[in-house]
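Note that the numbering used here has the sequence shown beginning at 36, numbered continuously upward.
The C-beta atom is built at its ideal place from N, Cα and C for all residues, glycine as well.
Input: a single structure, listed below in structure tokens.
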Amino acid sequence: MTLQELGLAVTSKAGCSPLLGEQVARSLLDVFNAMLAAGYELSIPQLCQPTRAGHTIWRIDIANPHLGFTGALLFTVPTIH
Numbered sequence: 036m037t038l039q040e041l042g043l044a045v046t047s048k049a050g051c052s053p054l055l056g057e058q059v060a061r062s063l064l065d066v067f068n069a070m071l072a073a074g075y076e077l078s079i080p081q082l083c084q085p086t087r088a089g090h091t092i093w094r095i096d097i098a099n100p101h102l103g104f105t106g107a108l109l110f111t112v113p114t115i116h
């Protein structure tokens, strides 16, 4: 997934501005690349049920089979333009 594709996905699903979507995507890709380099496996980001107005919550399942670790990464994206 490219930076532009992830930015567009965040923008369209979160309802935020394209600029914010690209900034979020850039930050996420940096984190994702570091985690992948460390041997982690990542799922596709999933949009969670809304819990508070003005924000979307996303979930990514993570695992590192070499360390026997599984968990989830949750992050919030503001939807206010």
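Tell whether a beta-carbon distance below 8 Å holds between ILE95 and THR86. No, these two residues do not count as a Cβ contact at 8 Å.
Of the choices ALA60, GLN84, SER78, THR114, whose alpha-carbon is the least far from that of ILE108? Strictly speaking, residue 108 in this sequence is Leu, with Ile absent from that position. Among ALA60, GLN84, SER78, THR114, the Cα nearest to that of LEU108 belongs to SER78.
If you count every other CB in all the chains shown that lies within 10 Å of the CB of VAL66, and 16 or more means buried, which is it? When all chains shown are included, VAL66 counts as exposed.
Could you give the residue range of the alpha helix (DSSP H) that holds ALA88? Bounds of any alpha helix (DSSP H) do not take in ALA88, whose DSSP letter is neither H nor E.
For THR114 versus GLY74, is the C-beta spacing smaller than 8 Å? Contact: no.
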